[in-house]
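Colleague: Structure incoming, see below.
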Amino acid sequence: SKLGVGTDIGGSLRIPASFSGCIAYKPSSRRSLQTGKALVSRDSFANKFGIVASTGPLASSMDDIVTFCKVLWQPRVNQHYDCYQAPIPFREQVFRSKKKLVIGYWMDDGWFTSAQCVQRALKQCVNVLQNEYDYELVPLPFNDGFKVLMLYLNYMGAESKLSEYMRALDNTEDLFPGFARLRRLQILKQYVGFLVEPCLKWFGEHRKSEIVRAAVKGDLSLRQFKDLCHDILQFKYEFWQWIDSIQPSIDCILCPTTFYPAPLHNFSANFTVTFSATFLQNILDCAAGSYGPVTFVRKDECHYNLQDLPEHQRDSYAKELDAYMQNAEGLPVGVQIFSKPYD
């Protein structure tokens with residue numbers, strides 16, 4: 039296929055592209071059609087406003103991505119299909135600019151430490167951008183991965199038992215396994231909150247304990263939901279203010295797409311908690327793209343050593359990833375880059 043089109047509300051475009059030799063681009067929702075995304079049997083309007091899905095392309099070349107964006111951002115598309123889409127055409131002068139970019143980057147988000155192969159992929163990108171393109175690279179101390187995950191899970195699970203998701207699927211497909219687990223926790227929340235969460239903390243499973251605590255918060259009142267939307271909006275503005283406080287001239291940010299190499303199909307359901315790497319850009323509602331593979335896992339990188347991790351990360355997630363990495367030699371590793379909403 040020359041071009042694929044999909045939606046991204048948590049990484050659905052960016053994650054597969056970063057492992058398959060494709061480029062994926064997720065525009066901000068204000069530069070993306072918000073009509074025509076629902077099932078054929080329903081009307082064409084989405085109902086998520088705090089965290090919004092974006093429509094974007096996957097392609098094997100940047101030329102095809104550019105062609106798609108030029109078509110999507112034509113004035114007649116805005117006039118005939120979505121009058122709320124920002125009427126900003128493709129800016130050729132920005133795309134062709136020879137400006138020396140200032141690029142921020144981080145290796146992980148403080149919630150989940152990147153595997154050695156992912157860190158190497160990012161370092162390779164930093165070296166190429168610095169030495170071959172003469173860009174300025176600025177390390178960023180981003181450590182809000184846990185906050186990102188909590189905002190995302192609390193919003194997506196705001197209605198008890200993920201009822202809104204179940205209605206949207208309309209019996210046409212199964213709920214994503216990672217969200218299915220969240221739904222089971224919400225169904226059993228009276229037992230989970232009282233028994234499971236304290237036990238997890240006792241056994242050193244601090245991250246799982248936090249996930250359980252977030253899961254049982256479902257069925258929010260209208261007041262609680264409004265407060266959550268306030269927290270999301272506040273995070274969005276404070277994030278860019280934080281970036282500007284470090285260096286106002288930063289043009290974009292390089293970071294992991296995932297904290298490990300390409301996962302097997304049944305593996306990712308256990309690791310929804312690591313998707314904070316891609317949830318961030320959906321919460322920020324900003325432009326983001328991914329590419330890969332940048333590199334492949336080497337034999338000496340087939341591990342995820344617990345002793346190299348912060349103490350609160352030495353849990354069953356880390357052990358499971360270490361077991362997975364034992365046979366990961368040759369798997370692809372990708373990266374993503376993102377910038378402010380209209381970039």
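Mind the numbering: the sequence shown is residues 39 to 381 in my numbering, read in order.
Just so you know, even glycine gets a beta-carbon here, dropped at the ideal spot from N, CA and C.
#1: Leaving out the 5 sequence neighbours to the left and right, which residues in its chain are closer than 7 Å to Q154 when beta-carbon positions are compared?
#2: In the structure shown, what three-state DSSP assignment does I291 receive?
#3: Report the rounded CA-to-CA distance for Y190 versus E276, giving the unit in angstroms.
#4: Look up D46 in the DSSP assignment and give the residues it is bridged to.
#5: Ignoring anything shorter than 3 residues, give me the beta strand (DSSP E) runs that lie fully in the stretch 115-175, in order along the chain.
#6: Counting only the same chain and skipping the five closest in sequence on each side, list residues whose C-beta sits under 6 Å from that of M188.
#7: Thinking I47 and D289 are a contact (beta carbons under 8 Å), I'd like their distance in whole angstroms, please.
#8: Helix, strand or coil: which one does DSSP assign to Y34?
#9: Give the straight-line distance between the Cα atoms of P127 and A97, rounded to the nearest whole angstrom.
#10: Starting from the N-terminal side, write out each stretch of the alpha helix (DSSP H) that is 4 residues or longer and does not extend beyond the stretch 239-280.
#11: Suppose you measure from the CA of Y203 to the CA of M194; what does that come to, to the nearest Å?
#12: In angstroms with no decimal places, state the Cα-to-Cα distance between R336 and H118.
#13: Could you tell me the distance, in whole angstroms, from the CA atom of S39 to the CA atom of P379?
#14: For Q224, which residues of its own chain have a beta-carbon under 8 Å away from its beta-carbon, when the five flanking residues on both sides are left out?
#15: Hey, is the stretch 355-367 in contact with the stretch 88-97, meaning 3+ C-beta pairs nearer than 8 Å?
#16: Apart from the five residues on each side of it in sequence, which residues of its chain come closer than 7 Å, Cβ to Cβ, to F30?
#17: DSSP three-state call for L41: helix, strand or coil?
#18: F297 and S152 - do their beta-carbons sit closer together than 7 Å?
#19: For R205, collect the residues of the same chain with a Cβ closer than 6 Å to its Cβ; drop the 5 residues on either side in sequence, then sort them by chain order.
#20: Measuring CB to CB, does I270 end up less than 7 Å from G88?
Modeller: By the coordinates alone:
#1: Answer for Q154: E339, listed in chain order.
#2: strand
#3: 16 Å
#4: S92
#5: 140-143
#6: Cβ neighbours of M188 within its own chain (closer than 6 Å, five residues either side excluded): A252.
#7: Between D289 and I47 the Cβ distance is about 25 Å, and since that is not below 8 Å, they are no contact.
#8: Residue 34 is absent from the structure shown; the chain starts at 39 and stops at 381.
#9: 20 Å
#10: With a minimum length of 4 residues, the continuous alpha helix (DSSP H) runs that stay inside the stretch 239-280 are 244-253.
#11: 9 Å
#12: 51 Å
#13: Going from the Cα of S39 to the Cα of P379 covers about 28 Å.
#14: G195, S198, K199, L200, A253, V254, G256 and D257
#15: no
#16: This structure cannot speak to residue 30, because the chain is shown only from 39 to 381.
#17: strand
#18: yes
#19: Sequence-distant Cβ neighbours of R205 in its own chain, meaning closer than 6 Å and more than five residues away, do not exist here.
#20: The answer is yes: Cβ separation under 7 Å.
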